[in-house]
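For the record, in the sequence shown the residue sitting at position 277 is 277 according to my numbering, with numbers rising by one throughout.
Just so it is clear, CB atoms sit at the ideal spot from N, CA and C, and this is done for glycine as well.
Worksheet: the structure to be examined is printed underneath.
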Amino acid sequence: MKVTCFLALSLVGLLATTAGAQISSAGGSTNQVDVNSLPTSIQLNGVVRDFRERNASGGHPDFERSGASGFSHGNFQEITKDELGVDKKPVFNSTGRRVNSMARDASNRPILQKPYIASRSGDVARSVASGTSNSLAGEASFNQWYRDVPGINLSKQIPITLKRTQGSNVYIFDDKNDETFCSRNGFFPINNDLFGNSGGSGHANTNYHFTYELNTEFTYQAGAGNRFTFTGDDDVFVFVDGKLVIDIGGTHGATSQTIEMDRLSWLQNGETYDLRFFFAERHRTASNFRIETTLVLRNLEPPQTTALFD
1 MKVTCFLALS LVGLLATTAG AQISSAGGST NQVDVNSLPT SIQLNGVVRD
51 FRERNASGGH PDFERSGASG FSHGNFQEIT KDELGVDKKP VFNSTGRRVN
101 SMARDASNRP ILQKPYIASR SGDVARSVAS GTSNSLAGEA SFNQWYRDVP
151 GINLSKQIPI TLKRTQGSNV YIFDDKNDET FCSRNGFFPI NNDLFGNSGG
201 SGHANTNYHF TYELNTEFTY QAGAGNRFTF TGDDDVFVFV DGKLVIDIGG
251 THGATSQTIE MDRLSWLQNG ETYDLRFFFA ERHRTASNFR IETTLVLRNL
301 EPPQTTALFD
């Protein structure tokens, strides 16, 4: 397994180097940034919270919850309100509206459409099912996802490293070519840890059912093409300056969404803003996790953990 992983890393690195100039051109910022002055990698300190699945003793109702449409039937939006709460955590809004097709930009990238995110020529509107669904149990259960709750979850800090693609200003973390995760066949940061592995057929060595939170900041450069893209499963909510800019809820296969910072008209050139990232892995089939960004993210103080796992 280690040999296979090493070969995959080498191949991905070669391809990334070859594609670096094209990726940078798409970002529209390498002509304004001396890429050689940028750090070669960024380590971000996140917090993992581990949960038991719903059918286990002490299990959480939202983990291994299929919803009315079953697993992998598209993503759900509007689970969270558009603004973070006073404690900088997502605020429950609904049990989710199923998205038939996500909004897309002129480059066919999935995007989120909100009144505070500027629209552009070529944007295509989303299509959503009528009414709400039951992709999670409700407000009480959702409020436990990103908070330490005795008896419900266990937490610890886990870092990830974004690496700059050679010759570009693009930073990438991808579980498929990260030295730690490629041998685990997915984003599984707490195998054999906290509550322990989930078990089940084919998953005895894997710990599913967790959330992951990152608190970061960046300096906005107007017109530099700064963007942030996430690809993965399951739920992901990203907030910039407290406002929701990526919304991929529900249990589903790997799904992408992109936010371009120049669409956020209130951001001021040269000013610093926070980017807060909230992820949940809720279904035992796969855990895909990929961040691609041209932002030079910096750590904010990570969330406090209760060290219940010690």
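In whole angstroms, what separates the C-alpha of residue i from that of residue j?
i	j	result
Asn191	Asn197	6 Å
Gly85	Pro303	15 Å
Thr305	Gly186	24 Å
Ser141	Pro61	7 Å
Ser57	Ala222	51 Å
Gly167	Ile42	16 Å
Glu125	Lys114	Sequence check: residue 125 is Ala here, not Glu. Going by the C-alpha atoms only, they are around 11 Å apart.
Arg52	Asp233	18 Å
Leu154	Lys88	20 Å
Ser29	Thr219	Model confidence at Ser29 stands at a pLDDT of 42, short of 50, so the residue's coordinates are unreliable; what they give is reported in the following sentence. If I take the Cα positions, the gap works out to 14 Å.
Ser133	Thr95	6 Å
Ile111	Glu260	9 Å
Ser66	Asp123	31 Å
Asn31	Asn205	Caution applies to Asn31, whose pLDDT of 45 falls short of 50 and renders its modelled position unreliable; the value that the coordinates give is listed next. Between Asn31 and Asn205, the C-alpha separation is close to 46 Å.
Tyr116	Phe210	31 Å
Asp247	Cys182	26 Å
Leu264	Ser127	23 Å
Leu267	Thr231	24 Å
Leu244	Thr40	29 Å
Given a threshold of 16 other Cβ atoms within 10 Å of its Cβ, counted over all protein chains shown, does residue i qualify as buried or as exposed?
i	result
Glu64	buried
Glu139	exposed
Thr293	buried
Glu81	Note on residue identity: the sequence assigns Lys, not Glu, to residue 81. It is exposed - the Cβ of Lys81 has fewer than 16 other Cβ atoms within 10 Å.
Ser157	Here residue 157 turns out to be Gln, not Ser, going by the sequence shown. Counting Cβ neighbours within 10 Å, Gln157 comes out exposed, since fewer than 16 surround it.
Asn177	buried
Pro189	buried
Pro90	buried
Ala103	buried
Ala224	buried
Please check the pair residue i and residue j, which I expect to be a contact at CB under 8 Å, by giving their CB distance rounded to whole angstroms.
i	j	result
Leu295	Asn226	5 Å
Ala254	Asn207	With 8 Å as the limit, Ala254 and Asn207 do not qualify as a contact, their Cβ atoms being about 19 Å apart.
Thr285	Thr258	Contact doesn't hold; Cβ gap of about 25 Å is too wide.
Grab me the residues of residue i's own chain with a C-beta within less than 7 Å of its C-beta, minus the 5 sequence neighbours each way, in chain order.
i	result
Asn143	Phe92
Gly199	none
Ala129	Arg97, Arg98, Asn100
Ile160	Leu44, Gly46, Phe173
Leu300	Asn215, Thr216, Glu217, Asp274
Gly249	Asn75, Phe76, Gln77, Ile79, Gly96, Ser135, Asp235
Phe35	For clarity, residue 35 is Val in the given sequence; the question names Phe instead. The answer, listed in chain order, is Gly167, Ser168, Asn169.
Whose C-beta lies closer than 6 Å to the C-beta of residue i among residues of the same chain, with five residues either side of it excluded?
i	result
Tyr212	Gly46, Val48, Phe279
Thr251	Phe71, Asp234, Arg282, His283
Gly242	Glu83, Leu84
Val33	Asn169
Phe239	Leu84, Arg276
Asp323	Nothing can be reported for residue 323: it is not among the residues displayed for the chain, which extend from 1 to 310.
- prompt: Could you give the uninterrupted runs of the alpha helix (DSSP H) lying entirely in the region 127-200, keeping only those of 4 residues or more?
  reply: 139-142
message: In chain order, what are the residue ranges of uninterrupted beta strand (DSSP E) at least 3 long that sit wholly in the region 271-298?
response: 272-281, 289-293
query: Which runs of the beta strand (DSSP E), 3 residues or longer, sit entirely within the region 29-106?
result: 41-51, 97-101
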